[in-house]
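Enquirer:
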Amino acid sequence: MDQNQRFRSLFVWGGGALLLMALPLVFSQNTHLSVLSRMGIAVVFALSYNMLFGQGGMLSFGHAAFSGLGAYLTIHALVLMNKGTLAFPVTLLPLVGGLAGMLFSVPFGYVATKRSGTPFAMITLGIGELVAAAVLMLPGFFGGEAGITGNRVTGVTWLGIDYGSQLQMYYLVAGWAFASTAAMYAFTRTPLGLLSNAVRDNSERAEFVAYNPKQVRFLVMVIAGFFAGVSGALATLTYEIVNAESVGLQSSGNVLLMAFIGGIGQFFGPILGAILLTLLQSVLSLFTPAWLLYIGLLFLAMMLFAPGGLSSIIVAHGPAWRAGLMLRLVPSYLAAVAAGAVLLAGTVSLVEMCYFLSDTGRPASLSLAGIVVDPRRPGPWITGGAVLLAGFVLVHFAAGMVSAQWQRLRKDLNARGPLRRDARLAQAVPPVAEVQGTTT
Amino acid sequence: MEFFIISMLNGISFGLLLFMLSSGLTLIFGMMGVLNFAHASFYMLGAYFAYSMGKVTGFWGALLLAPIALGAIGAVVERYGLRAVHKFGHVAELLFTFGLAHLIDEAVHLVWGRSALEYRVPPELDTTLFTLFSTSYPTYRGFMMLVAIVMLVSIFLILTRTRIGLIIQAALTHPEMVQSLGHDVPRLFMLVFAGGAALAGLAGVIGGNAFVTDPGMAASVGSIVFVVVVIGGLGSLMGAFIASLALGLMQTFSVALDYSMLNVLQHFGVVLSSASPLFGVAKLTIAQMAPSLPFVLLIVMLVIRPKGLMGTREN
Amino acid sequence: MSTVPALELEKLRKNFGKTQIIRGVDLKIERGERHAIIGPNGAGKSTLFHLISGRIPLTEGQVRLNGETITGLPSYEIARRGLSRSFQITNVFPKLSVIQNLRCALLWAHGYGYSFWHRLSALKRVNERAEDVMTQIRLETRRDALANVLSYAELRALEIGITIAAEPQVIMLDEPTAGMSHSETEDAVELIRRVSEGRTLVMVEHDMGVVFGLADHISVLVYGEVIASDEPAAIRGNRAVQEAYLGTEYA
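Protein chains in written order, with the working numbering: chain A, 1 to 440; chain B, 441 to 755; chain C, 756 to 1006.
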């Protein structure tokens, strides 16, 4: 690594650590800290998922099995600690979660990695369903529908740290999230990390360079299971309860959305996705019952127009940024944002009106961004529909503007000659194009 | 005896319903290589549409119109959604249908709310077909079986006796070849996808009022349909038929069987105390394990023989 | 001669359903030999490569590598025993850079296995060798370029690079100069000559200039059978070979 790269990486990681430490100064309220903790947990979970998906080419529908089972074993440990039967520092409980996750990712991973591609995805779906069903079938161990609760304030208190407050809990999550992120990043820089990419790209060729693809996939799944377990343990400590939702398919689907929307082709993609989706889930759900629908629409829109996710969009701007030509894109981007806002307004108004009508316990009237609207009359519907249509038309034009501007930009960039680093970014092949199964 | 016959009939009617769903899914998968996650959502939409349409046209009108509506939706989804994602590969298509299923679920919440709907069996059919000993067998179940059988026989005839059916059969295993022979395969895909959706919708119309009509119905039926398709064989209609009946019977019977490992052990004179760690697992009856059995079968089949019982395509 | 042949094929047969593609091939390739396999299209040359390297299972027969039977072993086991092959249709790791591609080819041979506790950047011998190979295949300027932006000739070069990187005992090249221009071919031949020094080379080729320039032993495969296996001069003059493949120009 040359001096420049060393400095940059110190800046990124050091800056990240400082940011994590300083955040509570800005967001000091407990509700805020709670959301930040959720984000940290989601980041670890999403990164562990991307070890499988983006880096390893393995689409899994059952990842919550590992985080959830890790969570269950952690709460059992916590309960033992509460009873005094077990003495163990709470600070290290996420390690227990990780080991628990690994305990399950070894046998499950062994079975699942016997296949690849779509059969692999279906096996993970089966495993996820199975674990979800088992949790309800064995109430003795899993506490049935109500779940199991515990108290994270337990055992010996060191230097006043008992994790009773949200603030202390946040720092625990932040610390473990940072450490896990660093570890997972380091993994991408190891032989196994590189080979997992190779197996994703071309498992046949990986065989011919003497590697057994099944073995590679299995090991990656075991390690991903560890980190999933860590995220499960962090959730256990944050919420102090574990129930069937922790292993549910909803959770598995959620992490898939996070990784995908954030972008599976870059390491930091799932971090973005985790943060964004946690925000949407926490904040949006306060304003509208339709937030899940919006997330679903976002996912599909990403699939169709930007399958590389947010991170790929950011990275695609790299060459323009380095050449100092970003300003050129501003006019068309502003137009696109304006057009998008119109489209969004139309969509939101129609969706909210629908929800309003279907909601049995509804209040007297609906207020859209301050405007009181009566969905029972045709007027608002016609307006909403018109705005939606206008939105589509405007977005169509704006998209044309953006792509024309990009064409001019690319011509100029090419005229300047390809920079050594741009060659790496020139090709924007959507990551999912390569995520295919083979016979190995 | 009575239990056995009634359960048989229930199992078969459920199995036929499953086949209505899995046949569409198998056709779609066989031809396009897409495992349509949203298939069960089409089923759900069929039930919901039937409920709403039924208020205007009555049950029989809905029986005709709802599948047509679903077919139209299927065509649109294929043409503007799936086709766009096709170039990114099979896994991308799988993801797309996954997102679509999620979206349809939410859209249903949006329009019809979150609680179960009172989608009732029409009064003409809400009678007893026959009474066996003390249990009466509802006419509606018989009606379901009738519709399912008529539907499936029609499909069979279409596939084997018409020109388009032959092309579809060929495209099931060799889509590229069929395209090279000059047939408009993309249009064929759209037709098959729409047909599959319509079939799922029809299953929803007749299944929704016999079972439950609520936003969770897609998830509960969806998993089993996947298991059926995978076990029966990806791409094989006959396999899907056998697997549908098998799973329908298995689910129906297992829910009623109250035997557990504990009973088996007791038979051999072994008594497990409640303090033993295995007690929790051993005292599980088959009935309690019923929801998980299909998934065990799924995993076993995928590991041993991903082609399924009679499948032609592995991926 | 008491030395064990590097590669020995015994009564090799491969059927796809009822179609016989390889109909009983017996071949001995001695250590250090540069052996070319030629023949008309459809003769089964690539299939033969697939059988030897473990990519497809054979119907009948045995394959021995340095005396050890490798029939039925998975490809990675065969690769671990010192056999490396290239592909006719370029088969690299598209989303990895050139240098990463080469590293992949080296990690097993240098004993790193499935390690996740070593830092790639700290593996001196691996990195040095990767840079060395990269220079040999003349892709130094494309070090960090992703494989999926490389030109065709660059891909063919990378393909060869991956195959030879770990210094395998037996190198199998499947039409290495396919689609190359004249000067590119010359460079490739030079490279192949250099890296096969002291190793066993088995090559499928259509370019007769390359074949007769490089090989010290040629086998001719026609319809799944070896109709001749001899020194180049003898092959040139072989009537059956001329009829089946060469034509009378080269006589």
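Every residue, glycine too, gets a C-beta built ideally from N, C-alpha and C.
Suppose you measure from the CA of V561/B to the CA of P731/B; what does that come to, to the nearest Å?
Expert: Near 26 Å, if we compare the C-alpha coordinates of P731/B and V561/B.
Enquirer: Using a Cβ-Cβ cut-off of 8 Å, state whether G193/A counts as contacting chain C.
Expert: True, the Cβ-Cβ gap to chain C drops below 8 Å.
Enquirer: Is the distance from the Cβ of V669/B to the Cβ of L465/B below 8 Å?
Expert: Their beta carbons are under 8 Å apart, which means V669/B touches L465/B by this criterion.
Enquirer: Short of 7 Å Cβ to Cβ, which residues in the segment 446–459 of chain B face chain A?
Expert: Taking 7 Å as the Cβ-Cβ cut-off against chain A, none of the residues of the segment 446–459 of chain B qualify.
Enquirer: Mapping the DSSP letters down to three states, classify H961/C as helix, strand or coil.
Expert: H961/C falls in the coil class under three-state DSSP.
Enquirer: Drop a sphere of 10 angstroms on the beta-carbon of L10/A, count the other beta-carbons inside from all chains shown, and report buried for 16 or more, exposed for fewer.
Expert: Burial call: exposed.
Enquirer: Exposed or buried, what is G772/C when buried is set at 16 or more other beta-carbons lying within 10 Å of its beta-carbon?
Expert: Classification of G772/C: exposed, given that the 10 Å Cβ count is below 16.
Enquirer: Using a Cβ-Cβ cut-off of 8 Å (strictly less than) and excluding sequence neighbours within five positions of D798/C, which residues of its own chain qualify?
Expert: Correcting the residue identity first, residue 798/C is Ala in this sequence and not Asp. So the list reads L976, V977, Y978, G979, once near-sequence residues are dropped.
Enquirer: Can you tell me whether DSSP reads T154/A as helix, strand or coil?
Expert: Coil.
Enquirer: List the residues of chain B whose Cβ lies closer than 8 Å to the Cβ of E207/A, in chain order.
Expert: In chain order: nothing, as chain B lies at least about 18 Å away.
Enquirer: What residues from chain A crowd round P746/B, counting only those whose CB sits closer than 7 Å?
Expert: Residues of chain A passing the Cβ test: R115, P119.
Enquirer: By DSSP, does E941/C sit in helix, in strand, or in coil?
Expert: Three-state DSSP puts E941/C in a helix.
Enquirer: Helix, strand or coil for T602/B? Go by DSSP, reduced to three states.
Expert: T602/B falls in the coil class under three-state DSSP.
Enquirer: Can you find the residues in the same chain that come closer than 8 Å, C-beta to C-beta, to R416/A, ignoring five residues on each side of it along the sequence?
Expert: Correct list, in chain order: A323.
Enquirer: Grouping DSSP H, G and I as helix and E and B as strand, with all else coil, what is T568/B?
Expert: In this structure, T568/B counts as strand in the three-state DSSP scheme.
Enquirer: With DSSP as the reference, label Y49/A as helix, strand or coil.
Expert: Three-state DSSP puts Y49/A in a helix.
Enquirer: Within this structure, are the beta carbons of R835/C and L956/C separated by less than 8 Å?
Expert: No.
Enquirer: CB-CB under 8 Å to V981/C, same chain, minus the five flanking residues each way: which ones, in chain order?
Expert: So the list reads V780, D781, L782, S974, V975, once near-sequence residues are dropped.
Enquirer: Would V106/A count as contacting chain C if we go by Cβ distances under 8 Å?
Expert: Not an interface residue.
Enquirer: Using the beta-carbon of each residue, which ones in chain C are nearer than 7 Å to Y211/A?
Expert: Per Cβ cutoff of 7 Å: Y831, W863.
Enquirer: For a contact defined as C-beta to C-beta under 8 Å, what are the partners of I739/B on chain A?
Expert: What I739/B touches in chain A: V111, I123, G126, I127, L130.
Enquirer: Can a CB atom of chain A be found closer than 8 Å to the CB of N821/C?
Expert: Not one chain A Cβ lies under 8 Å of N821/C.
Enquirer: Please compile the residues from chain C whose C-beta is within a distance smaller than 8 Å of the C-beta of I223/A.
Expert: The contacting residues are F871.
Enquirer: When the cut-off is 8 Å and only beta carbons count, does P307/A lie next to chain B?
Expert: Yes - at least one Cβ of chain B is within 8 Å of the one on P307/A.
Enquirer: Suppose you measure from the CA of R897/C to the CA of L257/A; what does that come to, to the nearest Å?
Expert: Using only the alpha carbons, I get a separation of about 35 Å.
Enquirer: L878/C by DSSP, collapsed to three states: which one?
Expert: L878/C falls in the coil class under three-state DSSP.
Enquirer: Which chain A residues sit within Cβ distance under 8 Å of Y867/C?
Expert: What Y867/C touches in chain A: P191.
Enquirer: F142/A: buried (16+ other C-beta within 10 angstroms of its C-beta) or exposed?
Expert: Label assigned to F142/A: buried.
Enquirer: Please say whether V667/B and F735/B have beta carbons closer to each other than 8 Å?
Expert: Yes.
Enquirer: By Cβ distance, which residues of its chain are closer than 7 Å to L457/B, with the 5 residues on each side in sequence left out?
Expert: M584, A588, A643, G647.
Enquirer: Step through the CB atoms of chain B and report whether any lies within less than 8 Å of the CB of M137/A.
Expert: For M137/A, the answer is yes, since a Cβ of chain B falls inside 8 Å of its Cβ.
Enquirer: Please confirm whether N755/B has its beta-carbon closer than 8 Å to some beta-carbon of chain A.
Expert: Interpretation of N755/B is limited by its pLDDT of 43, a score under 50 that renders its predicted location unreliable; no figure is taken from the coordinates.
Enquirer: For the candidate residues M122/A, L80/A, I161/A, whose alpha-carbon lies nearest to that of G150/A?
Expert: Residue L80/A is the option with its Cα nearest to G150/A.
Enquirer: Write down the C-beta distance between I926/C and S830/C rounded to the nearest angstrom, noting that I regard them as a contact closer than 8 Å.
Expert: The Cβ separation is near 15 Å, so there is no contact.
Enquirer: Assuming D929/C contacts F804/C (C-beta within less than 8 Å), just tell me the rounded distance between them.
Expert: Their Cβ separation, rounded to whole angstroms, is 5 Å, which keeps D929/C and F804/C in contact under 8 Å.
Enquirer: For F227/A, which option in G70/A, A22/A, S60/A has the closest C-alpha, if you only look at C-alpha atoms?
Expert: The shortest C-alpha separation from F227/A is found at G70/A.
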